[in-house]
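A.B. asks: There's a structure below that I have some questions on.
The structure is reproduced here in structure tokens:
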């Protein structure tokens with residue numbers, strides 16, 4: 001007796017991108033139609049499901065699932081296969097499925113499959129390189145920050161939120177407060193802000209510590225990983 005639900009970890013990348021794109025469009029439509037009617041926590045959950053679909057190659061199927069058309073990639077000569085025709089004879093399809101960038105053979109001749117693989121990994125490496133460069137530039141800017149040690153207002157606010165172990169820095173190269181770091185998260189404040197405005201300072205620190213509590217930098221890292229893998233997808 002076959003099981004009703006089958007779980008597999010072999011979904012192709014192009015299907016992950018297709019289903020992920022469909023989910024993105026669905027979430028955007030839900031936001032337009034029901035943004036003011038649904039609880040706010042619904043949308044982070046929906047975007048989390050999109051991330052899972054874009055990054056994890058799992059699939060669920062059942063006897064009532066609709067069949068999925070598989071993309072038939074052209075084979076190279078080394079991957080030539082033999083298939084049976086309707087009469088039962090075997091036909092070599094290597095000559096009918098091979099495509100190359102240029103006519104003939106040679107050291108620079110590629111099959112379409114090889115070309116797509118090279119293009120995919122090149123695009124992912126380029127996207128990751130840009131993000132790493134941006135991260136290094138930001139870290140370099142924050143390297144000149146000054147630790148806030150003796151501001152009793154800041155220390156009191158953080159202790160009141162049970163976040164007294166979080167370090168706060170000031171930096172004259174940033175325009176707005178931010179949290180930086182993954183394992184050791186820190187709060188950075190613009191040097192020019194009004195530190196005498198206790199109410200505003202409390203609002204800012206409450207906002208930034210909420211990012212730390214929710215581990216938003218961890219979530220953002222997963223989002224950037226999805227961007228790298230799906231760099232070709234405009235959605």
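Residue numbers (the numbering used here): 1 to 235. All C-beta atoms, glycine included, are put in the ideal place defined by N, C-alpha and C. These numbers come from a predicted model, not from an experiment.
1) Touching or not, the stretch 154–167 and the stretch 195–212, by the rule of three or more beta carbon pairs under 8 Å?
2) From residue 197 to residue 147, what does the alpha carbon distance come to, in whole angstroms?
3) Tell me, please, whether the stretch 165–172 touches the stretch 180–196 by the rule of three or more beta-carbon pairs shorter than 8 Å.
4) Excluding five sequence neighbours on each side, which residues of the same chain lie with their C-beta closer than 7 Å to the C-beta of residue 225?
5) Which class does residue 214 belong to by DSSP, given the choice of helix, strand or coil?
6) Is the Cβ-Cβ distance between residue 50 and residue 23 less than 8 Å?
7) Please report the distance separating the alpha-carbon of residue 235 from that of residue 7.
8) What does DSSP give as the partner residues of residue 187 in its beta bridges?
9) Answer yes if the stretch 211–221 comes into contact with the stretch 176–187, meaning at least three C-beta pairs across the two stretches below 8 Å, and no otherwise.
10) Looking only at its chain, what residues have a beta carbon closer than 7 Å to the beta carbon of residue 145, apart from the 5 residues adjacent to it on each side?
11) Express the C-alpha separation of residue 12 and residue 164 in angstroms, rounding to a whole number.
12) Can you say whether residue 151 is buried or exposed, counting buried as having 16 or more other CB atoms within 10 angstroms of its CB?
13) Tell me the rounded alpha-carbon separation between residue 229 and residue 199.
14) Near residue 46, what residues of its chain come up, given a Cβ to Cβ distance below 6 Å and the 5 sequence neighbours on each side ignored?
15) Just grab the DSSP bridge partners of residue 7 for me.
16) In this structure, does DSSP put residue 147 in helix, strand or coil?
17) For residue 34 and residue 44, I'd like the C-alpha separation in whole angstroms.
18) For residue 37, does the three-state DSSP call read helix, strand or coil?
19) Terminal residues of the continuous alpha helix (DSSP H) containing residue 121?
20) List the endpoints of the continuous alpha helix (DSSP H) containing residue 48.
C.D. replies: Answer, in terms of the structure:
1) With a cut-off of 8 Å, the stretch 195–212 and the stretch 154–167 count as touching, because enough Cβ pairs lie within range.
2) So the alpha carbons of these two residues sit roughly 19 Å apart.
3) Yes, they touch.
4) 55, listed in sequence order.
5) In the structure shown, residue 214 sits in coil (DSSP, three-state: anything other than H, G, I, E or B).
6) Going by C-beta atoms, residue 50 is nearer than 8 Å to residue 23.
7) Rounded to whole angstroms, residue 235 to residue 7 spans 27 Å at the Cα level.
8) BP columns for residue 187 point to 168 and 179.
9) Pairwise C-beta distances place the stretch 176–187 in contact with the stretch 211–221, as three or more of them are shorter than 8 Å.
10) Exclusion of the five residues before and after residue 145 leaves 169, 170, 171 and 188 as the residues of its chain whose Cβ lies within less than 7 Å of its Cβ.
11) Our two residues, residue 164 and residue 12, have alpha carbons roughly 47 Å apart in a direct line.
12) Exposed is the call here.
13) Their backbone Cα atoms lie some 43 Å apart in a straight line.
14) Hits under 6 Å: 27.
15) DSSP lists 60 as partners of residue 7.
16) Note: residue 147 maps to strand in three-state DSSP.
17) Rounded to the nearest angstrom, the gap between the Cα atoms of residue 34 and residue 44 is 14 Å.
18) The DSSP-derived three-state label of residue 37 is coil.
19) Start and end: 112–142.
20) Its alpha helix (DSSP H) spans residues 42–55.
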